[in-house]
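Quick note: to get my numbering, add 12 to the position in the sequence shown (first position is 1). Structure first, commentary second.
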Amino acid sequence: MRLRTVLAVVTAAVMVSGVGFATARAVPPGPVLRAPAGGFEELSVPSSMGPIKVQVQWAARGGSAALYLLDGLRAPAGHSQWTTDTDVLRRFAGDDVTLVFPVGGHASFYTDWYRPSSTNGQSTTYRWETFLTRELPDFLAQYGVSRTNNAVVGASMGGNAALTLAAHHRDQFRFAGAFSGFLNPTFPGWDLTMRAAMLDEGRFNLDDMWGPVGDPAWRRNDATVQAELLRGLPLYITSGNGVPGPLDASSAVGNTVNAMGIESLAVIAASIFRERTTALGIPARVDITAGTHTWPYWQQSLATARPMILAALGAS
13 MRLRTVLAVV TAAVMVSGVG FATARAVPPG PVLRAPAGGF EELSVPSSMG
63 PIKVQVQWAA RGGSAALYLL DGLRAPAGHS QWTTDTDVLR RFAGDDVTLV
113 FPVGGHASFY TDWYRPSSTN GQSTTYRWET FLTRELPDFL AQYGVSRTNN
163 AVVGASMGGN AALTLAAHHR DQFRFAGAFS GFLNPTFPGW DLTMRAAMLD
213 EGRFNLDDMW GPVGDPAWRR NDATVQAELL RGLPLYITSG NGVPGPLDAS
263 SAVGNTVNAM GIESLAVIAA SIFRERTTAL GIPARVDITA GTHTWPYWQQ
313 SLATARPMIL AALGAS
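Laid out in structure tokens, this is it:
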């Protein structure tokens, strides 16, 4: 059987103080039964969308559990913002869980689209659900990373995706978290907000993602609608209330005003999700605090979620 040789390219600079980078190496021409113990790497992962960069921090003691972390709407092409805008690498450096940072997914909502965006010349159809639940787990299995003992969290755009991916792939995920996510896209008027945001962020066409409102894809990708599928899964949902808090002090006034407006929508979504899970009798921790739509608060949310994640994965 022919096995693909995987090139692992190591980042040249330390992105977070105190976190080391592994020496560049190629994957052996056969399955690896145990993930490397510690260290940071960038991998090139084959997919139906073409090669996808994935940044990883390997489990400290070579364990098989993994935590997937999803970016927001403005996901950059070169790196995950989790690695540059939060302390996640340092915070999990001693934990026996591999951190998995898919790079890219700009305005994708980490879902499988019907077709390429027709308004910005996009040539490839986004297939992010396929990548995150089939292609990437299969690839990471070559390193000994489990296909079934995973957690997933996402910020903003990635929040709803984290919950819907977990809902539809319960065999893969054992924990899900959403920080300032838009968790109810079928709620009246939300499509207009999403359409405006996607046009503003790269001229993406919402209709090419899930079709017109009312298409079954909308309900399938609505975490609140799919809440029943999350029963029995540990869940952690957070949102700010749109009122600036101490973590906004270093932001420019214009950025803070924008973040206030977006978070005032996210808190509505979190409240609707909480009402839905309460009505269904599904335990879910939902924290609503002072704060806006920005990375320092999502760093704080992940720090709070860390013990829950490690416990769910048996990696504490």
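The beta-carbon is built from N, C-alpha and C at its ideal position, and this holds for glycine as well. Keep in mind that this is a model prediction, so the values were computed, not measured.
Subject >> Cβ neighbour criterion (16 or more within 10 Å) applied to ARG186 >> reply: buried
Original post:
With contact counted as at least three CB pairs below 8 Å, one residue from each stretch, are the segment 176–192 and the segment 108–117 in contact?
Top reply: no
Original post:
What does a CB cutoff of less than 7 Å around ASP322 pick up in its chain, not counting 5 residues either side in sequence?
Top reply: In the sequence as presented, Asp is not what sits at residue 322; that position holds Leu. ASP107, VAL109, SER328, listed in sequence order.
Subject >> Span separating the alpha-carbon of LEU218 from that of THR306 >> reply: 24 Å
Original post:
Hey, quick one: how far does the alpha helix (DSSP H) through ALA208 stretch, first residue to last?
Top reply: 202–212
**OP:** Grab the span of the beta strand (DSSP E) containing PRO149 for me, first residue to last.
**Re:** Taken as a continuous stretch (DSSP letters only), PRO149 belongs to no beta strand (DSSP E), being part of the alpha helix (DSSP H) at 148–152.
Subject >> Under 8 Å between C-beta atoms of THR250 and SER313 >> reply: Judged by beta-carbon spacing, SER313 lies within the 8 Å limit of THR250, meaning their Cβ atoms are closer than that value.
Subject >> Beta-carbon proximity check, THR176 vs SER60, cutoff 8 Å >> reply: no
**OP:** Would you identify the three-state DSSP class for LEU79, choosing helix, strand or coil?
**Re:** In the three-state scheme derived from DSSP, where H, G and I count as helix and E and B as strand, LEU79 is classed as strand.
**OP:** Taking the CB atoms as reference points, tell me whether ALA89 and LEU152 lie closer together than 8 Å.
**Re:** no
Original post:
Is it buried or exposed for SER135, if we count other Cβ within 10 angstroms and need 16 for buried?
Top reply: exposed
Original post:
Can you list the beta strand (DSSP E) stretches of 3 or more residues lying completely in the segment 275–308, in chain order?
Top reply: DSSP runs (the beta strand (DSSP E)) wholly in the segment 275–308: 297–301.
Subject >> Simplified DSSP state of GLY170, which is helix, strand or coil >> reply: helix
Original post:
Distance, Cα to Cα, LEU277 vs LEU204?
Top reply: 13 Å
**OP:** Leaving aside the five residues before and after GLY75 along the sequence, list all residues of the same chain whose C-beta is less than 8 Å from its C-beta, in chain order.
**Re:** ALA47, ASP108, VAL109, THR110, ALA327
**OP:** Taking ARG186 as part of the beta strand (DSSP E), name the residues at either end of that continuous run.
**Re:** 185–191
Subject >> Bridge partner(s) assigned by DSSP for GLY252 >> reply: THR301
Original post:
How many Å lie between ILE284 and THR198 at the Cα?
Top reply: 12 Å
Original post:
Tell me which same chain residues have a C-beta within less than 8 Å of the C-beta of ARG207, skipping the five on either side of it?
Top reply: Answer for ARG207: LEU218, listed in chain order.
Subject >> Rounded separation between ARG243 and PRO63 - CA only >> reply: 34 Å
**OP:** Take the Cβ of ARG271 as the centre, count every other Cβ of all protein chains shown within 10 Å, and call the residue buried at 16 or more, exposed below.
**Re:** Reading off the sequence, residue 271 comes out as Ala, not Arg. Answer is buried; the Cβ neighbour count reaches 16.
Subject >> Reduced DSSP secondary structure (H/G/I, E/B, other) of ASN161 >> reply: coil
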